[in-house]
Structure formats: C-alpha cells, structure tokens
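Trainee:
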Amino acid sequence: MNTQILDISEFDENVLKRAQVFGEKEASDILKDTLSKIKVAAEIIKDGGLVAFPTETVYGLGANALDPDAVGKIYKAKGRPSDNPMIVHIASRKDVDMIAKPSPEDTKKIIDNFWPGPLTIILEKKELVPPTTTGGLDTVAIRMPNNFIALELIKMSGTPIAAPSANLSGKPSPTKALHVIEDLDGRIDAILVGSDSNIGLESTVIDLTVIPHMILRPGIINEKDLADCIGSDVDVDESLLMNDALSANDCDTPKSPGMKYKHYAPVAEMIVVEGRQENVIPEIERLKSINEKIGRKVGVIFFKGEDLETAAHNFYSMLRSQDDDGVDLIIAGAVDTSNAVGFALMNRMRKSAGNNIVRV
Ligand code: TXA
Ligand code: MG
Numbered sequence: 621m622n623t624q625i626l627d628i629s630e631f632d633e634n635v636l637k638r639a640q641v642f643g644e645k646e647a648s649d650i651l652k653d654t655l656s657k658i659k660v661a662a663e664i665i666k667d668g669g670l671v672a673f674p675t676e677t678v679y680g681l682g683a684n685a686l687d688p689d690a691v692g693k694i695y696k697a698k699g700r701p702s703d704n705p706m707i708v709h710i711a712s713r714k715d716v717d718m719i720a721k722p723s724p725e726d727t728k729k730i731i732d733n734f735w736p737g738p739l740t741i742i743l744e745k746k747e748l749v750p751p752t753t754t755g756g757l758d759t760v761a762i763r764m765p766n767n768f769i770a771l772e773l774i775k776m777s778g779t780p781i782a783a784p785s786a787n788l789s790g791k792p793s794p795t796k797a798l799h800v801i802e803d804l805d806g807r808i809d810a811i812l813v814g815s816d817s818n819i820g821l822e823s824t825v826i827d828l829t830v831i832p833h834m835i836l837r838p839g840i841i842n843e844k845d846l847a848d849c850i851g852s853d854v855d856v857d858e859s860l861l862m863n864d865a866l867s868a869n870d871c872d873t874p875k876s877p878g879m880k881y882k883h884y885a886p887v888a889e890m891i892v893v894e895g896r897q898e899n900v901i902p903e904i905e906r907l908k909s910i911n912e913k914i915g916r917k918v919g920v921i922f923f924k925g926e927d928l929e930t931a932a933h934n935f936y937s938m939l940r941s942q943d944d945d946g947v948d949l950i951i952a953g954a955v956d957t958s959n960a961v962g963f964a965l966m967n968r969m970r971k972s973a974g975n976n977i978v979r980v
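In the working numbering, the protein residues as written are 621 to 980.
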C-alpha cells in the first residue's frame, strides 16, 4: 500500500492564533493548506481507510469507529490482538450520548473539567458501537483530544474515530511523526505529519461504570485531580499500585485488556534501577561497566534534574533512539513517583523493561 504523507508540520497553535486573531497572510495560507490536507485525511476515514494523526498525548491511528471493517484494518496494520479495545475519539460532547448509555452524574463534571484533554472515560456502550471497536466488551472508552488537528479531523470525518497509538503493537508509542512513518509506512492509507506530541505519555483511563470510579491506566491526570473534581474517592487499579509492574499480567481478568500485553518495549533488553538516588547512580555505573566488559553496547536513560514533564515528553523517543543506535542493553534510572507525571512515567518505564527491575 502506498501511504500518503500529508505534511502539515508548518502548522502549530501559534499559526492558528496569527491567522485567526491577527489575520496574518502567511499564517492564513498555512492554515488553509493544513485544513485542505486534513480534509483529504477525513475523506479517507469516511471511505473506511486508516489515517495516523497527532494528538497531545501520542500519535493515533484512526478509523471510523462505527465501521467494523475499517476498525478491523487497525488491528491488522498494528498487529494488535483483537481483544484489545480501542479508544473512541470525539470532537463534541454531544457524541458521548450517541455512543454511550446515560452515564453516572459525575460524568458531566469530569467532562466539563478535563475535556478536551488527556483523559479517557469508560462508559456502557450503545448498540451503535460495533463489538470490533470495543474488543467485544459492553463498555466503550471515549476521549476528546486537546489538539486542533485531531479535532478538525474528527469533525470533518463526521464520525467518531477509533484510534489506538500509531505504533506497531508492542513498540514504544509514537511521539513524533517520524516514529509513525518508521512503524506504519506502507501499512496504512495516510499520515498527517504534524508536530511532536506535547505530553508524550498516553491518556489516563478511568472506568466510570464502577463506584468508586477506578483508574485503569495512569496518566498526567491522577486520582487526586479526579476526586477533587467530583468530590468523592477515586480508586486506582491495584495492579498499578503493586511494585510489580507487570502484575496486571497475573490477574485473572485484567480490567483494561491492553494492560496485559507487553507494551512500550524497545528491541534492546532493558533494566530499571529503582531506589534512593545515591544508590541508583553507582548501580547504573556498575551494571554498565560489567555489561560493557562482556562486549555489550549499553545505553543509559537517566533523568537528572529535568522536570518530569520534559522526561515524559522525551521518554518514548529516547527508547527508539537507543534502538536506532543498536544498543544491546538499556539501563534506566527510576524517577520520583510522588506526583502524577512521575507515577505514569514509571508505569511505562517498568512495562518497557518487561518488569526487569533492580532494587538498590
Ligand atoms: O492517549 C491516548 O489515549 C492515545 C491517543 C492516540 O489518544 N491512545 C491510546 O490508545 O493510548 P491505546 O489503544 O494504545 O490504549 C487504549 C487503552 C488500552 O489499554 C485498552 O485496553 C484500554 O485503553 N481500553 C479501551 N477500551 C476499554 C474498555 N472498554 N474497558 C477497559 N479498557 C479499555
Ligand atoms: Mg498503545
């Protein structure tokens, strides 16, 4: 398949402002060109094709969420197990009622507070949503992304868009258009080549069908933010709290099916060193040196002094560049998990390492 590269990399939110607020000619031209390329992408979605597009978290691989044949192509292109459900992306709050049954009272508060944004909510689904989209579940995951391109694409397509992250199944999620090209060129109809994902980690997933509501995947919005919004407690799935990151694997029925697969993984072997900073650094040095002595190429990921937002923004990209460098072993230093970003980043880091953790 010949993948159309729709280059909109000149566009950013500044362009939008310069065009819409100040009416600058150059910005208006870029905006016009961007919209015409999104239109091409939207036509592909309408025709049942696949388009990768930027969002604020990671790039998504989109298809018409209401068309089982189109969604089926996503599983095929990614090599994704078909019991792993998709997130349905919408551009208008009204669309929640189109695809989900009347929801708990808290839903409105949560939507008003966090959308558009990096939060996915799970609700009971309506008939309209085909089982292919939800991996056979009676529930549906819904998100309104905070990204102009993504929102325009959904609006122009005239349908909710099912979109997992736009990587080959098991690879680190794509935070740059280049990552999508590496993984999916030749396997999908088009790629909207925009700017890098701002956040760099996938959205928080919260199940609103259970009381107390439960976080199934950590992200930059955490249980405290959500509890403050609704004025009652929010639980965190216990498999996320255990030190043992892949423990979701061991549960009989993982609540979020995606959590049971090895995820976000580089080709290289990876070890995470956790513990007090004064112990972590020497242990990384020790492991590096013994592995180099036996002829292995070692890469280190250690976030020193950077703020955690920047660390999260760069993490997946760093995994991919270590692979590009032909590293045999990646040794990563743990980050502080006391805030939402650090907690979400450590969840991804442990999974990337296949739970290969050294505690010091
Ligand atoms: O930030 C994001 O959420 C990105 C961008 C593209 O929006 N998307 C994303 O999709 O990360 P994906 O498919 O890689 O992850 C979706 C997660 C999986 O862990 C899946 O199992 C879970 O959401 N999920 C989807 N529908 C669900 C449902 N009905 N019940 C429980 N978990 C569900
Ligand atoms: Mg994914």
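All C-beta atoms in this analysis are idealised placements derived from N, C-alpha and C, irrespective of residue type, glycine included.
None of these values were measured; they are calculated from a predicted model.
When you compare only the Cα positions, how much space is there between Asn869 and Gly643?
Mentor: With a pLDDT of only 41 at Asn869, under 50, the local geometry of the prediction cannot be trusted, and the value read off the model is given with reservation. Roughly 53 Å separates the two Cα atoms.
Trainee: What's the call for Thr675, buried or exposed, on a 16-neighbour Cβ count within 10 Å?
Mentor: By the neighbour-count rule (16 or more Cβ atoms within 10 Å), Thr675 is buried.
Trainee: Are the beta-carbon atoms belonging to Ala783 and Ile707 less than 8 Å from one another?
Mentor: Cβ atoms of Ala783 and Ile707: closer than 8 Å.
Trainee: Work out the CA separation of Ser937 and Leu965 for me, nearest whole Å.
Mentor: Each residue's Cα considered, the two are about 13 Å apart.
Trainee: Closest by CA to Leu626, which one among Ala761, Ile801, Ala952, Asn767?
Mentor: Per the Cα distances, Ile801.
Trainee: Check the C-beta distance from Ile658 over to Leu804 and give it rounded, since I have them as a contact under 8 Å.
Mentor: 18 Å between Cβ atoms; not a contact.
Trainee: If we ignore side chains and look at the alpha-carbon of each, how far apart do Glu744 and Glu903 end up?
Mentor: Roughly 47 Å separates the two Cα atoms.
Trainee: So does Asn766 have its beta carbon nearer than 7 Å to some heavy atom of the ligand TXA?
Mentor: Asn766 Cβ: outside cutoff for every heavy atom of the ligand TXA.
Trainee: Does the beta-carbon of Gly806, which I'm using as the reference point, lie nearer than 7 Å to any heavy atom of the ligand TXA?
Mentor: No, the ligand TXA has no heavy atom inside 7 Å of this Cβ.
Trainee: Just list the beta strand (DSSP E) runs in the region 871–954, keeping only unbroken ones of 3 residues or longer that don't cross its boundaries, in chain order.
Mentor: For the region 871–954, whole beta strand (DSSP E) runs of length 3 or above, ordered along the chain, are 889–894, 918–921, 949–953.
Trainee: Taking the Cβ atom as the reference point for each residue, do Glu633 and Phe734 lie within a distance shorter than 8 Å?
Mentor: In this structure, Phe734 does not lie closer than 8 Å to Glu633 by Cβ.
Trainee: Using DSSP's beta-bridge definition, name the partner residues of Glu744.
Mentor: According to DSSP, Glu744 bridges with Thr759.
Trainee: What first and last residue would you give for the beta strand (DSSP E) that runs through Thr752?
Mentor: Here Thr752 belongs to no beta strand (DSSP E); instead the alpha helix (DSSP H) covers 751–754.
Trainee: Would you mind working out which of Glu725, Lys917, Phe963 sits nearest Val947, comparing C-alpha positions?
Mentor: Checking every option, the nearest Cα to that of Val947 belongs to Lys917.
Trainee: Would you mind giving the Cβ-Cβ distance between Tyr679 and Ser823, rounded to the nearest angstrom? I have them listed as a contact below 8 Å.
Mentor: Going by Cβ atoms, the distance from Tyr679 to Ser823 rounds to 13 Å, so no, they are not a contact pair.
Trainee: Check whether the Cβ of Leu812 sits closer than 7 Å to any heavy atom of the ligand TXA, and report yes or no.
Mentor: Not under cutoff, so the answer is no.
Trainee: In the DSSP assignment, find the unbroken beta strand (DSSP E) run with Arg979 in it and report its ends.
Mentor: It spans 977–979 - the beta strand (DSSP E) in which Arg979 sits, taken as one unbroken run.
Trainee: Could you tell me which residues DSSP puts in a beta bridge with Leu812?
Mentor: Leu626.
Trainee: What are the boundary residues of the alpha helix (DSSP H) that Arg968 is part of?
Mentor: Looking at the DSSP string, the run of the alpha helix (DSSP H) that includes Arg968 is 960–972.
Trainee: With 16 as the cutoff for other CB atoms within 10 Å, does Met621 come out buried or exposed?
Mentor: Per the 10 Å Cβ criterion, exposed.
Trainee: How many whole angstroms separate the CB atoms of Thr623 and Ile811, which I take to be in contact at a CB cut-off of 8 Å?
Mentor: So it is a contact: roughly 6 Å between Cβ atoms.
Trainee: If you compare alpha carbons, which of Asp667, Ala954, Ser815 is closest to Glu898?
Mentor: Closest option to Glu898, Cα to Cα, is Ala954.
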